[in-house]
Every structure is written in C-alpha cells, then in structure tokens.
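Enquirer: Going down the list, the protein sequences come from chains A and B.
Position 70 (the first sequence) corresponds to 70 in my numbering; numbering is contiguous.
Position 80 (the second sequence) corresponds to 80 in my numbering; numbering is contiguous.
Built from N, CA and C at the ideal position, the CB exists for glycine as well.
Let me begin by handing over the structure; questions about it come next.
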Amino acid sequence: MTTVRNFVRSNVRNPNAVAYFLMAVGALFFPAVVQFATGGSGDYLVGLAADGGIYMLMAIGLNVVVGFAGLLDLGYAAFFAIGSYTYALVASNHLGVTPIGHSLHVPFWIALFIGMFVAATAGALLGAPTLRLRGDYLAIVTLGFGEIVPRVFRNAGIWTGGVPGISALDVPTLPGWVQGPWVGQDFGWVPDFRFTSANLTAYYMLMIILIAFVVILVHNLYNSRLGRAWMAVREDETAAAASGVNTVSVKLLAFSIGAATSGFAGAFYGAKLSYVSSENFGFIVSVTVLAMVVLGGMGNIPGAMLGAIVLYFILFWLLPNAPGQMQGLASSLGLDWLNQSNPNGWPGIGEVVSRSKYVIFGLILVGIMLLRPQGLLPSQIRKQELTHEEPEALAAPRQLQA
Amino acid sequence: MSAILRVGGVTKRFGGLVAVDNVTFEVEEGEVFALIGPNGAGKTTLFNCVTGFYKPTLGTVTFRDRNLTGSPPHRTAKAGIARTFQNIRLFEYMSALDNVRLGHHCRMHSKLWDSLFKTPFERSEEKRITEHSMELLKLVGLERQSENYARNLAYGQQRRLEIARALATDPKLLLLDEPAAGFNPQEKVELMALVQTILKRGITVFLIEHDMKVVMQASQRIVVLDHGEKIAEGPPVEVRNNPRVIEAYLGKSA
C-alpha cells in the first residue's frame, strides 16, 4: 500500500503522469459512458473515437520526427498512405486482378506489421538522400513526397485500383472476444470473432491497445541513448557530431520510426474502413497531424496525444455539429427568424456557421497558440525555450570559425 | 614516445583563400601540444581538418597510424579524438548530466531493439554511463550542477562542462580550442590543473590558446601558424625568441 501511495505522491505533480492517467481512464470508460449517455446508440461516437485514435497514432509518430529530432516533415501522410495501400494489397482480393494473378490474405495481425515495415523502408529510402539537407530544404522535399505518393497511387492503374482505390479489404479476426453491456448485450464469449462495422467497440478497444503499445515503445526510445542523440541533434548538430553521434543515421532512424508509426496507423485505417483511396491522404492530413503535434506540445508524447484529442474533437465533432447546435440555440432563444433564409441574402444561421467552419477552426487554432504558445502540454525543454531570453553571449553566431 | 597524431602537408582552401597552407607536424603521445598564431592564422580550420569537420584540400591526417583524412566527425570521435569549440557549443536545453551522458554515445552498445524494449542490458549500460558521467562532472567540479540546464551554467562552468562531455567519448587525444578564453587568472590556474589531471589519465592534449602565459606554462611543444603557414615549431622558450614569431605577433620593426 505504501509503495502505491509513494508512487502516487511522486507523480501527482508531474503533468505528464497525470495526463497519461487521465487519458487511460478516459479511454477505458469512454465507450460505457457514451452508450449510457446516448441510451445505447453511441456506436457511431465510439467508432469516431477509434478513427481519432488513428490520428493520435500519427501524432505520436510525427512527434518523434518533429518534436524529438527537430526535422520538419510536411509529407507525413505519404507514409500513412503507404501503410494503408500495403495493407490493401496483402489483405484483399486485389492482387488477384493485377498481373500477379494471386490474391493474398495475410491475417490482420501480421499485415499490420507488414504495413509498418514497408512504411519504415519508404521512410529510410526517402531519408537517405535528403536528411543531409537542413531545416527548410527538408521541409520542401517532404512536402513534395507527400504530394507525389497519393498521385502515384491514383495513377498506378491496375496495381492500386486507380481513382476508385481498393475495396473489400479483410477485417481483423480473433479466435474469440468478450461481449458485455458496452455493446448492449449480456456478458459472454463470442468465438471466431470478426471485427465489423456493427461492432465498433472492438475496433475502439483494439485502437487503445495499439496506442498503448506504441506509447510504451516511443517512451522507451525517448529515454534511451537514441532519444538523447535526437535531442542533441535538434539542439546542435555540429556539437552532436563532435561528440561521436552519427547525425545522419540518427536522423534517419527518427524519420523511419515516425514513418513506421504512420504506416501502422495506415494499416489499421485500411482495415477499419475496408477501403482505401488516394483521396484520403492529401496534404490536409499531414498538416492536421502537424498542427496536433505543435498545438499539443512538441517533443512531449502526452502533449501530442492531447493535441490529437483536442483537434480531432474540434474537427470531427464540434465543427460538423456546430450548424445544428446553432440552429437549436437560436430557436430555443426564440430567435427562429435567424434560422430562416431571407431574400436579402441571409442563408440562415446554420448555413452561415457551416460555411465559416474553417474560419472558426482557424480562429480556435490561433486562439490556442496565443494563449499557450508552448502547446497544451509542453515538454520541459520547449517551456524553457519560450520563456527564457537568449543571453547575449549565446546569441552570437554559432558557425564554425575559421 | 611515438607520434599519436601526424598532420602531413595539410592544405585547406576556401575558393581562392588558403586558410591552411601545407602544414606538417606531429603530436607526441602524452604531451601537451599547443597551436598558436595571430587571429585568422588558420588554427581552428586546422582543428576542423583534424576532427573531420573539413576535408583537407591536400595532405593527410594520421591518428595512431590510422589514416583519418576526410573521415566524418563521428568517426574521428570514435577513433579517439575529442574536441571542444572556441565558441562553446553545448546542448543548452539538456541538463549538464545529459550533456555528458550524450558524450558516451559512441562508446555504447545498446541497439535499437534494446532501447525499444528497455532490455536489462540497456538498463545496466545506462546505469553505468550515468555513474561515469557523474564521475566526470566531479572531475571538472560540476557535480552539484548535474541537474541544471547547460545554458543556465556560468561561463566558466560551461567551458568545463564541454571538456567533461569531450572526455566522455573516451578520447586518446583531446583538442581544446581556446579553453582559457574569457577566464580570470584564478580560473586559468584551475584550468591548467585540470589539463594536468587529464594528462595523467593518459590523454594527450592539443590546444589552441591565445594566452601566452598558459601556453608557455602548460605546453611542452608549440607550433606557430601565420596566414595558414607554419612559421615555427619547438619548445616554448625557443619559440618565444624566434624572430619570425615575434614579427608575426608584433609586426616588422621599421
């Protein structure tokens, strides 16, 4: 008991520990709470949360690249696409219609890791020639890569299904699964369980497990010699090299590990949607994930996770529901005339809100960054960097002097 | 005694500018060797050639009979050459302890797998290098600053932390680029004592220094550069009285 008490006491003031704890508790109780609050019709919301988990995985991965190693990657969705398409090829009938002529049906649990490895390899292949570039140049190269990959998938004809993409992907299966009140049924054992769109709680729980798995691994990396080397490269590449760090290979690892996480998320995405199309991997995905990392707190794992939760909630729940909510609010205030369109060009309050969705989104982003420039849950380092003033002596030019 | 470092006819050109011009010398094992010269003489450029930050245009760098010409910095570090920088380059937002722990990077054997799963091997290695880092911090007198960010240390402490980080790479040759710059007399005395301690650990010291008092007292042999060329070499007394050296520093008498 005392060890538990000591553990609690030593962590209760650590914002990261508190954030992990709250997110874990929230994640576990979320399906039950939602089902209870909606009277058993909350499946849609649980599924939405599982999709949010995909973004969370990507935010954790991009945080390794941008937050830990300081490499700006603007084409992160490319690896997400590679993971999804890899899953689609190895776990559907599609390879049967390609010149190969034999379809593959690798089980989800293995295909997940194939997607991950293919994405990691793509990361290494892209990184090897480009990671010698610094800062802005790298950002531009990754931006280009992010644009090229979905286009390649769209135009690769029979191999990737072209514009319509690939559909009817295999769903994950398990030898068994527990059911219970959270799916509105009695406790029981379901043999030969298939994940379907009728049981989104299963996807949700799977997502929670995958996230926990990735968080533990990335956390370990951060606290290892590699994590230290990433920080060092971010702080001062020259000094890191002089201290014996192979900066190129360390950056390559960051890039690859980030890509692997994204590919992992991509494979899950393909399985859950049972469909992939090049339309879903545009620049907007890369930017959204980057915004999650920056807004949550660059370089801090729970920060990136929190950023993902907040932005996903705003983008996929708050904004889509805002027009309806506004209409409801207007009529409950007795301002029904606001809801009517009139010939002077007023389209009704719901329509106005719906049209200005992204203006509202932008304002929220700007507002958060003004209030908390270091992010919602910053790393200690970021906090210092933004609050300290640069002393004169250290602000001097830092290039090698001849 | 044998030569630990051989600089053989090293030339470094930047476009039309010849920063280092056909310089040859040898650093003997176990000595304190100094490189001096007026501002812009090419001293730091030569350091950068030795540590792999620059690839010499011509000439060779041989370290412990191994040709290191043009090897990247992390290879020279692994081979056993450590350095500090003229304008201190620490990882400002890492603790003093982490700065020194990072210095162990090239001597660690944990693989990606060990880091991912925090294997017992990784844990024991981390523990070992943390203990060794504390020892090094103690050596430079910073054991009580271990948790402070490098940027929050005083100037003299930062210089010493940089030396501790360099020592963490387990070097055979330590290159110090103006270690006494900005030091008061008391700090200079402490620095010279530290250099002696480092020598006793079997590490050869090769330094660039402007302070003649430090150079004359600390070093056994000196090479003088002027406009990229070697103009003198020898023990301090000899070099001090060399007319070409006096001319380079004070200008030609009328």
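So the beta strand (DSSP E) leucine 365 (chain A) belongs to, where does it begin and stop?
Expert: Premise fails: leucine 365 (chain A) lies in the alpha helix (DSSP H), 357-371, not in any beta strand (DSSP E).
Enquirer: Tell me whether asparagine 246 (chain A) is buried or exposed, calling it buried when 16 or more other Cβ atoms sit within 10 Å of its Cβ.
Expert: Buried is the call here.
Enquirer: Just list the residues that DSSP pairs phenylalanine 193 (chain A) with in beta bridges.
Expert: Beta-bridge pairing links phenylalanine 193 (chain A) to A:Leu174.
Enquirer: According to the neighbour-count rule (16 or more other Cβ atoms, all chains shown, within 10 Å of its Cβ), is alanine 120 (chain A) buried or exposed?
Expert: Under this definition alanine 120 (chain A) is a buried residue.
Enquirer: Using only the alpha-carbon positions, how far apart do alanine 82 (chain B) and isoleucine 216 (chain A) sit?
Expert: Roughly 35 Å between the two C-alpha positions.
Enquirer: Taking DSSP as the reference, what is the three-state secondary structure of asparagine 6 (chain A)?
Expert: In this structure, asparagine 6 (chain A) counts as helix in the three-state DSSP scheme.
Enquirer: Evaluate leucine 371 (chain A) with the Cβ neighbour count: other Cβ atoms within 10 Å of its Cβ, from every protein chain shown; 16 or more gives buried, anything less gives exposed.
Expert: Result: exposed.
Enquirer: Between serine 92 (chain A) and leucine 104 (chain A), what straight-line distance do the alpha-carbon atoms span, to the nearest angstrom?
Expert: Taking the straight line joining both Cα atoms gives about 6 Å.
Enquirer: Alpha helix (DSSP H) containing phenylalanine 63 (chain B): first to last residue?
Expert: No alpha helix (DSSP H) contains phenylalanine 63 (chain B), which is instead part of the beta strand (DSSP E) from 58-63.
Enquirer: Between which residues of its own chain and phenylalanine 7 (chain A) is the CB-CB distance below 7 Å, once the five residues before and five after are set aside?
Expert: Here the set comprises nothing.
Enquirer: As a quick exercise: from A:Ser274, A:Val149 and A:Tyr203, pick the residue whose alpha carbon is nearest that of proline 31 (chain A).
Expert: Minimum Cα distance to proline 31 (chain A) is reached at A:Tyr203.
Enquirer: To the nearest angstrom, how far is it from the Cα of leucine 191 (chain A) to the Cα of glycine 244 (chain A)?
Expert: Looking at the sequence provided, one finds proline at residue 191 (chain A) rather than leucine. Their backbone Cα atoms lie some 54 Å apart in a straight line.
Enquirer: Please classify tyrosine 54 (chain B): does DSSP put it in a helix, a strand, or coil?
Expert: Coil, per DSSP.
Enquirer: Using a 10 Å radius around the Cβ and a threshold of 16 neighbouring Cβ atoms, would you call serine 10 (chain A) buried or exposed?
Expert: Burial call: exposed.
Enquirer: Can you confirm whether arginine 165 (chain B), when its beta carbon is compared against all beta carbons of chain A, has any partner nearer than 9 Å?
Expert: Chain A contact via Cβ: present.
Enquirer: With distances taken from CA atoms, which of A:Val293, A:Lys251 and A:Gly296 is nearest aspartate 236 (chain A)?
Expert: Nearest option by C-alpha distance: A:Lys251.
Enquirer: Name the one or two DSSP bridge partners that tyrosine 149 (chain B) has.
Expert: Tyrosine 149 (chain B) pairs with B:Ser95.
Enquirer: Take the Cβ of isoleucine 82 (chain A) as the centre, count every other Cβ of all protein chains shown within 10 Å, and call the residue buried at 16 or more, exposed below.
Expert: Flag for isoleucine 82 (chain A) reads buried.
Enquirer: Skipping 5 residues on each side, what residues in its chain have a beta carbon closer than 8 Å to that of methionine 94 (chain B)?
Expert: Result list for methionine 94 (chain B): Leu102, Tyr149 and Ala150, in chain order.
Enquirer: How far does the beta strand (DSSP E) with isoleucine 222 (chain B) in it reach, from first residue to last?
Expert: Where isoleucine 222 (chain B) is concerned, the enclosing beta strand (DSSP E) stretches over 221-226.
Enquirer: Give a yes or no on whether the minimum CB-CB distance between valine 4 (chain A) and chain B is below 9 Å.
Expert: For valine 4 (chain A), the answer is no, since every Cβ of chain B falls outside 9 Å of its Cβ.
Enquirer: Buried or exposed: which applies to lysine 161 (chain B), given that a residue is buried once 16 or more other Cβ atoms fall within 10 Å of its Cβ?
Expert: Reading off the sequence, residue 161 (chain B) comes out as leucine, not lysine. Buried, by the Cβ-count rule.
Enquirer: Comparing C-alpha positions only, which one of A:Phe117, A:Leu273 and A:Val65 sits nearest to phenylalanine 264 (chain A)?
Expert: Answer by Cα proximity: A:Phe117.
Enquirer: Helix, strand or coil for valine 260 (chain A) per DSSP?
Expert: Note that residue 260 (chain A) is alanine in the sequence shown here, rather than valine. Correct three-state label for alanine 260 (chain A): helix.
Enquirer: Would you decide whether alanine 248 (chain B) is buried or exposed? Buried here means 16 or more other CB atoms lie within 10 Å of its CB.
Expert: That one is buried.
Enquirer: Residues of chain C with CB closer than 8 Å to the CB of lysine 78 (chain B), please, in chain order.
Expert: In summary, chain C is missing from the structure at hand, where the protein chains are A and B.
Enquirer: Give the DSSP-derived three-state secondary structure of glutamine 186 (chain B) in the structure shown.
Expert: Helix, per DSSP.
Enquirer: Verify the CB distance criterion: does phenylalanine 29 (chain A) have a CB-CB separation below 9 Å to chain B?
Expert: No, phenylalanine 29 (chain A) does not count as interfacial toward chain B.
Enquirer: Mind checking the stretch 148-172 of chain B against chain A and listing, in chain order, the residues whose C-beta falls within less than 8 Å of any C-beta there?
Expert: Listed in sequence order: Tyr149, Arg151, Tyr155, Arg165, Ala166, Ala168 and Thr169.
Enquirer: From the DSSP secondary-structure annotation, give me the bridge partner or partners of isoleucine 36 (chain B).
Expert: B:Val224, per the DSSP bridge assignment.
Enquirer: For histidine 210 (chain B), which option in B:Pro72, B:Asp98, B:Asn39 and B:Val32 has the closest C-alpha, if you only look at C-alpha atoms?
Expert: Taking only the C-alpha atoms, the option nearest histidine 210 (chain B) is B:Asn39.
Enquirer: Any beta-carbon of chain B closer than 9 Å to the one on asparagine 16 (chain A)?
Expert: By this cut-off, asparagine 16 (chain A) is not an interface position.
Enquirer: In the structure shown, what three-state DSSP assignment does cysteine 233 (chain B) receive?
Expert: Correcting the residue type first, residue 233 (chain B) is glutamate in the shown sequence and not cysteine. Reduced to three states, the DSSP call for glutamate 233 (chain B) is strand.
Enquirer: What does methionine 108 (chain B) touch in chain A if you count any residue whose Cβ is under 9 Å from its own?
Expert: Within chain A, the residues near methionine 108 (chain B) are Arg225.
Enquirer: By the criterion of Cβ-Cβ separation under 7 Å, what are the contact partners of proline 73 (chain B) in chain A?
Expert: The answer, in chain order, is Ala241 and Ala242.
Enquirer: Using a Cβ-Cβ cut-off of 9 Å, state whether glutamate 351 (chain A) counts as contacting chain B.
Expert: For glutamate 351 (chain A), the answer is no, since every Cβ of chain B falls outside 9 Å of its Cβ.
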